[in-house]
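Undergrad:
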Amino acid sequence: MFVKTGPHGGSMRGSIGWVAQVRLKQGQFGSDNYILCHAGNGGWLMQHSNNVFYPLNPDEVELVRPFFADRLPENEDFSRGYTLGSEETRAFGFLIDPPEGFETRGGEGARMRMTTIDADGSKTLTETVFL
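Structure follows, in structure tokens:
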């Protein structure tokens, strides 16, 4: 399935992709960790958690598919599984349950900033830091 992520700090290229794998409850704060394949450079994988994902409609999928020509889901070799940067994190399949003894990452030190702009143009900045 091709999706667009919710708010994302990177470019639009890092916001649209197809879902290669979902690691249940393995994201920061115990959310699901989605591994998306993004367009460009032969297709690159990126983890996304603590976000919302909007499925692309068929017309949108047809518009973005040419950008994924190097790595389309129907041509992917899923038999090798996916890692999160090290071999011990390799997992096979689409929906992956947490491994035995898995402890949720808390996200300590994560930050979030939100700017609110009022009708008169005044701005308020709220910064949240997870301790």
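If you count the sequence shown from 1, position 18 lands on 332 in my numbering, and the numbers rise without skipping.
For every residue, glycine included, the Cβ atom is placed at its ideal position computed from N, Cα and C.
All figures in this text were calculated on a predicted structure; none of them were measured in a lab.
Could you tell me the alpha carbon to alpha carbon distance between Leu439 and Glu390, rounded to whole angstroms?
TA: The count along the sequence shown starts at 1 and reaches residue 439 at position 125. The count along the sequence shown starts at 1 and reaches residue 390 at position 76. Leu439 and Glu390: Cα-Cα distance of roughly 43 Å.
Undergrad: Does the separation of the CB atoms of Pro369 and Val317 fall below 8 Å?
TA: Walking along the sequence shown from the start, residue 369 turns up at place 55. Walking along the sequence shown from the start, residue 317 turns up at place 3. Taking 8 Å as the Cβ cut-off, Pro369 and Val317 qualify as a contacting pair.
Undergrad: For a quick check, are the C-beta atoms of Val284 and Leu409 less than 8 Å apart?
TA: With the chain represented from 315 up to 445, any question about residue 284 goes unanswered, as that position is not in the structure.
Undergrad: Assign Gly328 to one of three DSSP states: helix, strand, or coil.
TA: Counting from one through the sequence shown, the residue named residue 328 turns up at place 14. In this structure, Gly328 counts as helix in the three-state DSSP scheme.
Undergrad: Excluding the five sequence neighbours on either side, which residues of its own chain have a C-beta within less than 6 Å of the C-beta of Thr429, listed in chain order?
TA: In the sequence shown, the residue the question calls residue 429 occupies position 115. Counting only Cβ-Cβ distances below 6 Å, and skipping sequence neighbours, we find Lys437, Leu439.
Undergrad: How is Val366 classed by DSSP in three states: helix, strand or coil?
TA: Here residue 366 refers to the residue found at position 52 when the sequence shown is read from its first residue. Coil at Val366, not helix or strand.
Undergrad: So, using beta-carbon positions, are Ala405 and Gly415 closer together than 8 Å?
TA: By one-based count along the sequence shown, residue 405 stands at place 91. By one-based count along the sequence shown, residue 415 stands at place 101. Not closer than 8 Å, so no.
Undergrad: Give the straight-line distance between the Cα atoms of Ser400 and Lys339, rounded to the nearest whole angstrom.
TA: Locating residue 400 in the sequence shown gives position 86, counting from the first residue. Locating residue 339 in the sequence shown gives position 25, counting from the first residue. Going from the Cα of Ser400 to the Cα of Lys339 covers about 19 Å.
Undergrad: Let me make sure I understand the geometry here. Which of Asn364, Pro412, Val443, Phe381 has the alpha-carbon closest to that of Phe343?
TA: Mapped onto the sequence shown, residue 343 falls at position 29. Checked all of Asn364, Pro412, Val443, Phe381; the closest Cα to Phe343 is Asn364.
Undergrad: For Met426, which residues in the same chain have their Cβ closer than 6 Å to its Cβ, ignoring the five residues on either side in sequence?
TA: As a first step, residue 426 is located in the sequence shown; it is residue number 112 there, counting from the start. Closer than 6 Å at Cβ, skipping near neighbours: Thr442.
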